[in-house]
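In our numbering, the protein residues as written are 112 to 328. Written out below as structure tokens is the structure these notes cover.
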């Protein structure tokens, strides 16, 4: 990453876009505090450190599969929270037609889920946690493309006033974002709202138009 500088206001939805290897996931992990910058700093709420009150969570395309019950697979993100996971499972994982106490995994004859079902459970897990910042890194990568619109409608609904960062190379999904940051070779190439970047007719416009042509064909 080089010459990266931007500000995210509380409650904003920001999309990080770009081709594979452009630096999207690296930047999101720097923001989450999973990576430490060699130079420069990530400042959250005027602080350079991540405090215990600074509740961040992420939904990655590489998700964990816990050999626990359906409900425990969701509640593990926030076991201090006493609320049932039922509502989030009903919302994001309605294709999983089993009891919440069903143990998952092939071991000992337990139930195994499809890739899309596991990912929907990971999404429910991320939204179950009461986080101040939510990072969604290619959150629908294993989900049927036909269902993607449904999930992005849910994201818009559930994020509400939360601060969120969406990492994606599927540009049709970025319309839920207030601000779009196009990365290339670890640098910010373009930044602005969807309408502004389309009017600019620069690199974002070209990539978005190319993807739209593929879907139309």
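Idealized CB from N, CA, C, for every residue including glycine. This structure is a prediction, so every number in the text was calculated from the model and none was measured.
C-alpha distance - residue i paired with residue j, whole-angstrom precision
i: residue 268; j: residue 229; result: 21 Å
i: residue 310; j: residue 176; result: 43 Å
i: residue 211; j: residue 315; result: 43 Å
i: residue 306; j: residue 127; result: 16 Å
i: residue 131; j: residue 195; result: 37 Å
i: residue 189; j: residue 121; result: 22 Å
i: residue 223; j: residue 198; result: 22 Å
i: residue 116; j: residue 302; result: 11 Å
i: residue 237; j: residue 245; result: 8 Å
i: residue 154; j: residue 183; result: 33 Å
i: residue 322; j: residue 280; result: 10 Å
i: residue 275; j: residue 123; result: 6 Å
i: residue 174; j: residue 148; result: 24 Å
i: residue 287; j: residue 231; result: 19 Å
i: residue 266; j: residue 260; result: 10 Å
i: residue 317; j: residue 295; result: 14 Å
i: residue 144; j: residue 167; result: 9 Å
i: residue 215; j: residue 312; result: 48 Å
i: residue 270; j: residue 262; result: 12 Å
i: residue 251; j: residue 233; result: 10 Å
i: residue 164; j: residue 181; result: Any reading at residue 164 must be qualified, since the residue scores a pLDDT of 47, below 50, and its modelled position is unreliable; the value itself is stated next. Going from the Cα of residue 164 to the Cα of residue 181 covers about 28 Å.
i: residue 240; j: residue 299; result: 30 Å
i: residue 308; j: residue 193; result: 43 Å
i: residue 324; j: residue 226; result: 28 Å
i: residue 137; j: residue 235; result: 24 Å
i: residue 290; j: residue 297; result: 18 Å
i: residue 273; j: residue 119; result: 12 Å
i: residue 247; j: residue 254; result: 14 Å
Assigned exposure category for residue i - 16 Cβ within 10 Å defines buried
i: residue 170; result: buried
i: residue 242; result: buried
i: residue 320; result: exposed
i: residue 125; result: buried
i: residue 151; result: exposed
i: residue 209; result: exposed
i: residue 113; result: exposed
i: residue 283; result: exposed
i: residue 142; result: buried
i: residue 160; result: Below a pLDDT of 50, predicted positions are generally treated as unreliable, and residue 160, at 49, falls in that range; the measurement from the model is reported next regardless. Exposed, since its Cβ has fewer than 16 Cβ neighbours within 10 Å.
i: residue 220; result: exposed
i: residue 217; result: exposed
Opposing strand residues paired with residue i [DSSP bridges]
i: residue 298; result: 295
i: residue 168; result: 245
i: residue 178; result: Residue 178 pairs with nothing; no bridge assigned.
i: residue 287; result: According to DSSP, residue 287 bridges with nothing at all.
i: residue 126; result: 277 and 291
i: residue 222; result: 215
i: residue 303; result: 291
Rounded Cβ spacing between residue i and residue j (contact assumed at less than 8 Å)
i: residue 285; j: residue 249; result: Residue 285 to residue 249, Cβ: 13 Å. No contact.
i: residue 129; j: residue 293; result: 6 Å
Completely contained beta strand (DSSP E) runs for the stretch 251-276, where each covers 3 or more residues: Counting only runs of 3 or more, we get nothing.
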